[in-house]
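Below you'll find the structure, written out as structure tokens, and then a few comments.
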Amino acid sequence: MKLAQTLTVLLVAASSQLALAAPVNNTESTGLETRGLEARKANGVGNSKGNPQKVQISVNDKGALTFDADCWAMLCKGQTRVLQRVVTSVKNKNRQEKGSGANKNPFKPLKQGVKQPPAANQWSNNQQYTSPEEFPFASSLQGGRGAYLFPAIGTSQSSQGASMTNLYRDYSIDAYDPSCGNEDDTWYEITGFTGDLGPHCKAFNSNDKSVCSKSSPGDWGFDIADYAYEYDGTNFNYVGK
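According to mature numbering (1 follows the signal peptide of the UniProt record, and there is no 0), the residues represented by the sequence shown are -21 to -1, 1 to 220, in order.
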């Protein structure tokens, strides 16, 4: 009887050890996903303009339009690919009159010197191309005055916003607050795009600048670079093809 009890105790103990061991293995597996991030932090990657985190942006569906404008600005006009994410208060200032002028809604109603954007069509689900896309992003320190503005639709802006939220999460990119001064993990460099890409983003990936000098309409039916503007504090100046 005692022998049977002893064997039972040993079997229960062994089962308990096996049950406890499984979570340890799972934890080790999950830990592999964070090692790259830990190595990056140890090397100071993302802490300065000279040592940014290199990222690829995933583009989905209608976001192809807004990102295509951004790709053209970087590939063909030399807008910076190295950006520093900022807190919401700075982002909001970047859109104001002292910044990019996006809040002045240059495409609705039309401001002086701004040509009529394309009419709503099937691709836009009959949404008007009046929502100003800006690059560098308003969510970056490089946004604001000097940013380029393009006519987009609200759905494209929402899709782009979701892509950027995922980017910041996946690469653990924090928002810089000038009032605090800590720049750790706030810098990133755009190296490429994946997913649903327009002509300029495809060219960006291969560094094909031939797209800069020819008409390159996307699935939305027009070349977004034909509607690029820059606000100087008074006027919206044409900077497109």
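In this text, a Cβ means the ideal position worked out from N, Cα and C, and glycines have one as well.
Exercise. Thinking C-alpha only, which one of F46, C180 and T213 is nearest K83?
Worked result: For the residues F46, C180 and T213, the minimum Cα distance to K83 belongs to T213.
Exercise. Are there three or more Cβ pairs, one per stretch, closer than 8 angstroms when the segment 195 to 214 is compared with the segment 62 to 74?
Worked result: Short answer: they don't touch.
For this session: Count the other CB atoms, across all protein chains shown, that sit within 10 Å of the CB of P157; report buried if there are 16 or more and exposed otherwise.
Result: Classified as exposed, P157 has fewer than 16 neighbouring CB atoms from the shown chains inside 10 Å of its CB.
Exercise. Can you check whether the CB of S118 is closer than 7 angstroms to the CB of residue 239?
Worked result: Here the chain covers residues -21 to 220 and nothing more, so residue 239 does not appear.
Problem set entry | One or two residues paired with K56 in a DSSP bridge | Per DSSP, K56 has no beta-bridge partner at all.
For this session: Pull up the DSSP beta-bridge partners for Q63, would you.
Result: The partner list for Q63 (beta bridge, DSSP) reads W166.
Exercise. Quick one: what does DSSP say Y206 is sitting in, helix, strand or coil?
Worked result: Of the three classes helix, strand and coil, the one that applies to Y206 here is helix, per DSSP.
Exercise. What distance in whole Å lies between the Cβ atoms of R60 and I169, which are believed to be in contact at a cut-off of 8 angstroms?
Worked result: Approximately 5 angstroms separates the beta-carbon atoms of I169 and R60; this is inside 8 angstroms, confirming the contact.
Exercise. If you drop the 5 nearest sequence neighbours on each side, which residues of the same chain put their C-beta closer than 8 angstroms to that of residue 222?
Worked result: Coverage of the chain is limited to positions -21 through 220, which leaves residue 222 absent and any answer about it impossible.
Exercise. What is the C-beta distance between Q32 and Y150, in whole angstroms, given that I count them as a contact (C-beta under 8 angstroms)?
Worked result: About 6 angstroms; that satisfies the 8 angstroms criterion.
Exercise. Can the beta-carbon of A154 be found less than 7 angstroms from the beta-carbon of R74?
Worked result: For the 7 angstroms CB-CB criterion, A154 and R74 do not form a contact.
Exercise. Does the separation of the CB atoms of K41 and S135 fall below 7 angstroms?
Worked result: Against a cut-off of 7 angstroms, the Cβ pair of S135 and K41 comes out as a contact.
For this session: Can you tell me which of the three DSSP states F116 falls into?
Result: Looking at F116 - three-state DSSP - the assignment turns out to be coil, as it is neither helix nor strand.
Exercise. Quick one: is S159 buried, meaning 16 or more other Cβ sit within 10 Å of its Cβ, or exposed?
Worked result: It should be pointed out that residue 159 corresponds to Cys in this sequence rather than to Ser. Of the other Cβ atoms in all chains shown, fewer than 16 fall within 10 Å of the Cβ of C159; this residue is therefore exposed.
Exercise. So, are the CB atoms of G122 and F116 less than 7 angstroms apart?
Worked result: Taking a C-beta distance under 7 angstroms as the contact criterion, G122 and F116 qualify as a contact pair.
Problem set entry | 8 angstroms CB neighbourhood of N5 in its chain, flanking five on each side removed | The predicted model places N5 with a pLDDT of 42, which falls under 50 and marks its position as unreliable; any figure quoted below should be read in that light. Cβ-Cβ distances below 8 angstroms link N5 to nothing in the same chain once the five nearest sequence neighbours on each side are left out.
For this session: Have a look at the DSSP bridge pairing and note the partners of F129.
Result: Assignment of beta-bridge partners to F129 by DSSP yields E112.
Problem set entry | Collapsed DSSP secondary structure at L44 in the structure displayed | In this structure, L44 counts as helix in the three-state DSSP scheme.
Exercise. Considering only C-alpha positions, which residue in the set K193, C50 and N161 is nearest to H179?
Worked result: Taking H179 as reference, the option from K193, C50 and N161 with the minimal CA-CA separation is C50.
Exercise. Considering only C-alpha positions, which residue in the set T144, K193 and N104 is nearest to I132?
Worked result: That would be N104, whose Cα lies nearest to the Cα of I132.
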